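Right, one structure below, let's go through it.
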Amino acid sequence: MGRKAHPLAARIKKMMQTDDDVGKIAQATPVMIARAMELFLQRLCNNAADVAAGRKAKTLTTSHLKAYVSSDELMDFLHDTVSKAPDLPADGEPEQPKPKRQRTEGKREARTSAEGKRASADGAAAAQAAEAGEPAAGLLATLSKSM
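By my numbering, the letter at position 41 of the sequence shown is numbered 41, and the numbering carries on one by one without gaps.
Pasting the structure below:
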């Protein structure tokens, strides 16, 4: 039974090969880098989730990631990356969720008014055909307009 390759190993190898300074790449190298990346992200996400849980937040945000990165010396290299994320509010202040967007009725009204105009035009064509004594023609006019 052969070794299991990591699902990202091929992608990582391609990324490594884009660098001109990198020569041959051993088969185990992309697998090890993928596993290291997986463990790093697991630690980052779990500890940021602990920060969120400590604040009784239901959603993990960039502010929680920033708070964790700021609190752990090992994650200091990410400080510039998370510097633009908003800070967490003070301990006494509740986290403010984003306000919900208001629904606009513009698209719905436009769609229903267009359907209403079409239906009234179809009905008028059918009525004219029925008055002319051609009920089948009125039905055909209605069916052809609705398709």
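From the three backbone atoms N, C-alpha and C, an ideal C-beta is built for every residue, glycine too.
The model shown is predicted, which means the values in this text are computed figures rather than measured ones.
Listed in chain order, the non-local C-beta contacts of Arg-11 below 7 Å within the same chain number zero, local neighbours out to five positions each way being set aside. DSSP places Gly-23 outside any alpha helix (DSSP H), giving it a letter other than H or E.
Taken through DSSP and simplified to helix, strand or coil, Pro-99 comes out as coil. A residue is called buried once 16 or more other Cβ atoms fall within 10 Å of its Cβ, and Lys-66 is buried on that count.
In this structure, Ala-57 keeps its C-beta atom at 8 Å or more from the C-beta atom of Ala-34.
The closest CA to that of Leu-44, considering only Ala-90, Pro-99, Tyr-68, Arg-103, is found on Tyr-68. Residue state for Glu-73 is assigned as helix, using DSSP reduced to three classes.
A direct Cα-Cα distance of roughly 29 Å separates Met-32 from Val-51. Distance from the CA atom of Leu-74 to the CA atom of Pro-99, rounded to whole angstroms, is 35 Å. Looking at the backbone, the Cα of Ala-85 and that of Ser-70 are separated by about 12 Å. The beta-carbon distance between Leu-60 and Ala-49, rounded to whole angstroms, is 6 Å. This is short enough to meet the 8 Å contact definition. By alpha-carbon distance to His-64, the top candidate from Leu-78, Asn-47, Asp-76 is Asn-47. Selection Thr-81, Glu-38, Leu-88 evaluated against Arg-55 yields Leu-88 as nearest (Cα-Cα).
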